[in-house]
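Note that this note's numbering has the sequence shown beginning at 2, numbered continuously upward. Where is the CB? At the ideal position from N, CA and C, for every residue including glycine. Single-structure report; data block below.
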Amino acid sequence: MRYLSSVSAVACLATFAAIGATTADAAQVHNPANTISTDVEHPDGFRRFAPELPAMRERAARINTDFGLHVSEIEPGLFFVTDLIYQSAFLVTDAGVVVFDAPPSFGERLRAAIEMSAPGVPVTHLVLSHKHADHNGGGYTFADIDGLTVIGAEASAESLADNPLHGVLAPTETFKDTLSFSVGGVPIELRTAGFHANDTDVIIYLPDRKFLMAVDTITPGEAPFMNFGATANLEGYMASFDTFLDYDFEHFLSGHVSVLGNRQDVETARDYAHDVRDTVYALWPGFLDRFMANMELTEFQHGNLAYRMTMEEIRDECASGIIERWEDTLSVVDLWADSHCETVVLHAIMH
């Protein structure tokens, strides 16, 4: 939709009012796929989006330190850390501290959280969930630790060697598919997967603590971030939920928002993602007929325009249904549903 100037919009609305209320109301329908306007009177103004659900707000972590982080012990020796946007965790054992991801938004504050929770206990390991700098670009704050073991997937290490990322420490120990080890008698299991990063992801599992970590997957209590967490592998993303649910876990750390997830969050996210996929696929048999209708509408003079119109029709029809079905279950559905539907539309075109 091309936006009108405020003057033109007023003139058009006056015309619509003269024609009839039904037409005017239709012109005011909010389309979440459009550019968000800061004008509160605009049909796509930011206040047209639903507020976060009360249930989500009730679960939100609160900053509880004087250095701007939330830190809580969720199982013996296992601490959850968040700045309310990014998340990580660390495990305190008799043999040292194991850190799981180091977001740069934490900076030195993660070291402060560890020292506060385990005074004098050395950090011995840093485990990378994946190479992306937004989750591990804070690794530089641990670079001064002699003998630190940095564990990452082989594919991530190779990628970082070719293209170093600011603040991300190069792994000193790598694995191809799986790695099992223990620190201070606490078992830790790692497994490569493909649900987000363009090379590989790592599932982190602490069976004794019933803790599972898979970063850039779900956002507990919310619809996923844009394009299903900007996944580079939609098929892997859709298949990942069954992999996660095969584990015996109670805590699920997904890397974003302030909420530490649980098994129900993973099941709800699975049902949402599969609903988006299935909704697009149900509409897909009509793609060619829609396209030909739009070709006729554009007088067969602009195939690209007709193609985009067809994609947007399916995207918007999908998003409308998804928002209606999920707006009372997950927060921010109306903010991201259009991008989820569009992601599946693009995948359907190519596959």
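Taking one beta carbon from each stretch, the region 277 to 284 and the region 240 to 252 have fewer than 3 pairs nearer than 8 Å; the two do not touch. The DSSP-derived three-state label of Val41 is coil.
Distance from the CA of Val333 to the CA of Gly148, rounded to the nearest whole angstrom, comes to 44 Å.
Rounded to the nearest whole angstrom, the C-alpha separation of Pro105 and Gly168 is 8 Å. For Asp67 and Met117, the gap between their C-alpha atoms comes out near 11 Å.
CA-CA distance, Ala114 to Asp95, rounds to 18 Å.
Counted as a single uninterrupted DSSP element, the stretch harbouring Ile323 is not any beta strand (DSSP E) but the alpha helix (DSSP H) occupying residues Gly304 to Trp327. At a Cβ-Cβ threshold of 8 Å, Phe226 and His252 do not count as neighbours. Put simply, the region 180 to 192 does not touch the region 51 to 66. Fewer than three CB pairs are less than 8 Å apart. Residue nearest to Pro208 within the set Asn137, Ala198, Gly186 and Thr201 is Gly186 (criterion: CA-CA distance). Val93 is bridged by DSSP to Val98. Excluding residues up to 5 positions away in sequence, Phe242 lie with their Cβ nearer than 6 Å to the Cβ of Arg271 in the same chain. If you compare the alpha carbons of Ile204, Tyr238 and Ala233 with that of Phe250, the shortest gap goes to Ile204.
For Tyr206, there is no enclosing alpha helix (DSSP H); the residue is found in the beta strand (DSSP E) stretching over Asp202 to Leu207. Between Ala56 and Gly230, the CB-CB gap reaches or exceeds 8 Å. According to the DSSP assignment, Thr244 belongs to the alpha helix (DSSP H) that extends over Leu235 to Leu246. Residues Ala103, Pro104, Pro105, Phe107, Gly108, Leu111 and Gly168 of the same chain have their beta carbon placed closer than 7 Å to that of Gly139, with the five preceding and five following residues left out of the count.
For Pro188, DSSP records a beta bridge to Ser183. With a cutoff of 8 Å on beta-carbon distance, Asp200 and Ser255 are scored as not near each other. Per DSSP, the beta-bridge partners of Thr83 are His71 and Gln88.
Within the region 105 to 132, complete alpha helix (DSSP H) segments of at least 4 residues are found at 110 to 118, given in chain order. In its chain, beyond the 5 residues on either side, Asp202 and Ile204 have a beta carbon closer than 6 Å to the beta carbon of Ala194.
Apart from sequence neighbours up to five positions away, the residues of its chain that approach Arg278 with a beta-carbon distance below 7 Å are Met239 and Val345, ordered along the chain. By the beta-carbon neighbour count (other beta carbons within 10 angstroms, threshold 16), His71 is buried. Checking the DSSP bridge columns, you'll see His257 partnered with Tyr87.
Closest by C-alpha distance to Ser259, out of Leu92, Val100, Glu313 and Gly69, is Gly69.
Of the candidates Thr220, Thr125, Pro77 and Thr39, Thr220 places its Cα closest to the Cα of Ile86. DSSP, reduced to helix, strand and coil, places Val169 outside both helices and strands of the structure shown, so it counts as coil. Contact annotation: Arg291 and Glu314 have beta-carbon atoms nearer than 8 Å.
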